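Trainee: So the protein lines, in turn, are chains A and B. Under our numbering, the first residue of the first sequence carries the number 152, and numbering increases by one thereafter. Under our numbering, the first residue of the second sequence carries the number 152, and numbering increases by one thereafter. Here's a structure for you.
2 protein chains.
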Amino acid sequence: MATVDPDTARTAALDAAESLFYARGVQSVGMDEIRSASGIPLKRLYQLFPSKTDLVEAYLRRRDTSWLLSLSRYADARPDPRGRVLAVFDWLEGWFAEPEFRGCAFVNAFGELGASSPGVVEAVADHKAAFHRYLAELARQTTPARADAARADRLAAQLALLTEGAITTAAITGTSEPARQAQAAARALLSMP
Amino acid sequence: MATVDPDTARTAALDAAESLFYARGVQSVGMDEIRSASGIPLKRLYQLFPSKTDLVEAYLRRRDTSWLLSLSRYADARPDPRGRVLAVFDWLEGWFAEPEFRGCAFVNAFGELGASSPGVVEAVADHKAAFHRYLAELARQTTPARADAARADRLAAQLALLTEGAITTAAITGTSEPARQAQAAARALLSMP
DNA sequence: CGATCGCGAGAACGCTCGTTCTCGCCACAG
DNA sequence: CTGTGGCGAGAACGAGCGTTCTCGCGATCG
Chain A
152 MATVDPDTAR
162 TAALDAAESL
172 FYARGVQSVG
182 MDEIRSASGI
192 PLKRLYQLFP
202 SKTDLVEAYL
212 RRRDTSWLLS
222 LSRYADARPD
232 PRGRVLAVFD
242 WLEGWFAEPE
252 FRGCAFVNAF
262 GELGASSPGV
272 VEAVADHKAA
282 FHRYLAELAR
292 QTTPARADAA
302 RADRLAAQLA
312 LLTEGAITTA
322 AITGTSEPAR
332 QAQAAARALL
342 SMP
Chain B
152 MATVDPDTAR
162 TAALDAAESL
172 FYARGVQSVG
182 MDEIRSASGI
192 PLKRLYQLFP
202 SKTDLVEAYL
212 RRRDTSWLLS
222 LSRYADARPD
232 PRGRVLAVFD
242 WLEGWFAEPE
252 FRGCAFVNAF
262 GELGASSPGV
272 VEAVADHKAA
282 FHRYLAELAR
292 QTTPARADAA
302 RADRLAAQLA
312 LLTEGAITTA
322 AITGTSEPAR
332 QAQAAARALL
342 SMP
């Protein structure tokens, strides 16, 4: 019988992995540091995640769902469809202002590990696809004309580019201004037929 | 007297560093691999660049100027101001289609090395600032109203977000479609007053 | 009550990598 | 012709890291 139950240990390990990997990148954080930050012994870490790669992928998958959940909870609260789209950028602005903000965890992992680890590539692609689906759903509700899936998709793709660009630019410049600039652009795109 | 003159050696080293660092990331490429790819002995590499960090920064700085030069040569050839702005996205589309394309070298380096190396952070910030200045110059020429610097800057910031987002998205999805989507959005933004 | 199993703590192993050192060689100065 | 200084090739060193192994302890089961 373990000192703590497997679920608690798994959560503790992923918590430590998330803050360390996100803050400093994957390659510069050793398993030993995750052990000391989480309090989970190395042996147990390797029982839960057979290799560091598995831990990295689990970190990305968990972050995918929690990130999108946090965003959608915020945006879905707005009553009108247009407001829900614009709320995405309000949410971004708050995220950018957090002191731990360091850009998109998925883009960072992709740039760092690149084509060398297919599991990471897949997790990153899945995250971007899920985000795009969410934006398309929001876009579809804005005007009757965009109930047409293709039209909604076209807008969603443009909104996704603005979001992606805002995240990256905010990370590099260290300001949250890109969220407001992206929102202004989104407003312009929304007003187009 | 050296086997090859310092300039040639420096160029060979930077050529090797550029293709290897860009293709696989900074941390997974060792100095020994740069030696064998460039033919420059390790000792000479360390004379030219006292540490790997120096080589990384020199790689980013050289790529900054050549990237912007290539883009501006392409876009500046267009006769009308609006066409110059839209040409940026044509150029992106060609870049995305190259087999070696792997996203923005600066974003990748930033995500990988993060706050740990101030020189890299500075090089990345300088690159983004230079690109923004170039876009602002293009924007200023589009309409008389945007001769006003603040208005041109506002448009340039939005175009920069679209570009950044397109580069990242193209890298992850492996298609050059984001260039066309970004261009469509840019067209819409240009048509706004 | 004694044997056994699973656990935590951390040492150990094998590998990689940034950086430096050694050594033999060639070109040139005196 | 001989001494010297810089060069290339590559060994060497020291640190870090992913992963596994050892050991001692505490609980569990017959």
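We put the beta carbon where it would ideally sit given N, CA and C, even for glycine. What you are looking at is a predicted structure, and each value in this text was computed from that prediction instead of being measured.
Under 8 Å, with one C-beta from each stretch per pair, do the region 311 to 320 of chain B and the region 240 to 259 of chain B reach the 3-pair mark?
Mentor: yes
Trainee: Taking only beta-carbon atoms, is M326 (chain B) less than 8 Å away from chain A?
Mentor: Numbered from its first residue, the second sequence carries residue 326 (chain B) at position 175. Just to set this straight, residue 326 (chain B) is Thr in the shown sequence, not Met. No, because no Cβ of chain A sits closer than 8 Å to the Cβ of T326 (chain B).
Trainee: Are V271 (chain A) and V180 (chain A) touching if we call contact CB-CB under 8 Å?
Mentor: Position 120 of the first sequence holds residue 271 (chain A). Position 29 of the first sequence holds residue 180 (chain A). Against a cut-off of 8 Å, the Cβ pair of V180 (chain A) and V271 (chain A) comes out as no contact.
Trainee: Curious, which full-length alpha helix (DSSP H) runs of at least 4 residues does the region 285 to 325 of chain A contain?
Mentor: List check, alpha helix (DSSP H) in window: 300 to 324.
Trainee: Just to check my reading of the structure: D334 (chain B) and F247 (chain B) have Cβ atoms closer than 8 Å, yes? What is that Cβ distance to the nearest angstrom?
Mentor: Along the second sequence, one-based indexing puts residue 334 (chain B) at 183. Along the second sequence, one-based indexing puts residue 247 (chain B) at 96. For the sequence presented, residue 334 (chain B) should be read as Gln rather than Asp. The Cβ separation is near 12 Å, so there is no contact.
Trainee: Compare the C-beta of M152 (chain A) against all C-beta atoms of chain B and say whether one is closer than 8 Å.
Mentor: Taking the first sequence and counting its residues from 1, one reaches residue 152 (chain A) at position 1. Because M152 (chain A) sits at a pLDDT of 48, beneath the cut-off of 50, its placement in the model cannot be relied upon, and the following sentence gives the value as read from the coordinates. Judged by the 8 Å Cβ criterion, M152 (chain A) is not in contact with chain B.
Trainee: Measure the beta-carbon distance from G190 (chain B) to N259 (chain B) and round it to whole angstroms, keeping in mind my assumption that it falls under 8 Å.
Mentor: Locating residue 190 (chain B) in the second sequence gives position 39, where the first residue counts as 1. Locating residue 259 (chain B) in the second sequence gives position 108, where the first residue counts as 1. No, G190 (chain B) and N259 (chain B) are not in contact; Cβ-Cβ is about 26 Å, not under 8 Å.
Trainee: Using a cut-off of 9 Å between C-beta atoms, extract the partners of L340 (chain A) located in chain B.
Mentor: Locating residue 340 (chain A) in the first sequence gives position 189, where the first residue counts as 1. The contacting residues are A336, A339, L340.
Trainee: Would you mind reading off the limits of the alpha helix (DSSP H) that contains Q332 (chain B)?
Mentor: Locating residue 332 (chain B) in the second sequence gives position 181, where the first residue counts as 1. Q332 (chain B) -> alpha helix (DSSP H) spans 328 to 341.
Trainee: Using three-state DSSP, classify M152 (chain A) as helix, strand or coil.
Mentor: Residue 152 (chain A) sits at position 1 when you count from the first residue of the first sequence. Residue placement at M152 (chain A) cannot be trusted, given a pLDDT of 48 that sits under 50; the coordinates are not used to answer.
Trainee: Could you name the residues of the region 158 to 185 of chain A whose beta carbon sits closer than 9 Å to any beta carbon of chain B, in the order they occur along the chain?
Mentor: A174, R175, G176, V177, Q178, S179
Trainee: What are the boundary residues of the alpha helix (DSSP H) that includes Q198 (chain B)?
Mentor: On the second sequence, position 47 is the one that residue 198 (chain B) refers to. Run containing Q198 (chain B): 193 to 199, per the alpha helix (DSSP H) assignment.
Trainee: Sort B:E273, B:E249, B:A280, B:A336 by Cα distance to T326 (chain B) and report the nearest one.
Mentor: Stepping through the second sequence from its first residue, residue 326 (chain B) is reached at position 175. Here the closest residue by C-alpha is B:E249.
Trainee: Quick one: using the 10 Å Cβ neighbour count with 16 as the cut-off for buried, is R161 (chain A) buried or exposed?
Mentor: Along the first sequence, read from residue 1 onward, the residue named residue 161 (chain A) stands at position 10. It is buried - the Cβ of R161 (chain A) has at least 16 other Cβ atoms within 10 Å.
Trainee: What are the residues of the region 190 to 224 of chain A that lie near chain B, defined by any Cβ-Cβ distance shorter than 8 Å?
Mentor: Within the region 190 to 224 of chain A, no residue has a Cβ that lies closer than 8 Å to any Cβ of chain B.
Trainee: Considering Cα atoms alone, identify which of A:A167, A:A339, A:I323 is closest to A266 (chain B).
Mentor: The residue labelled residue 266 (chain B) in the question sits at position 115 within the second sequence. Among A:A167, A:A339, A:I323, the Cα nearest to that of A266 (chain B) belongs to A:I323.
Trainee: From the DSSP output, in three-state form, read off P250 (chain B) for me.
Mentor: Walking along the second sequence from the start, residue 250 (chain B) turns up at place 99. Coil.
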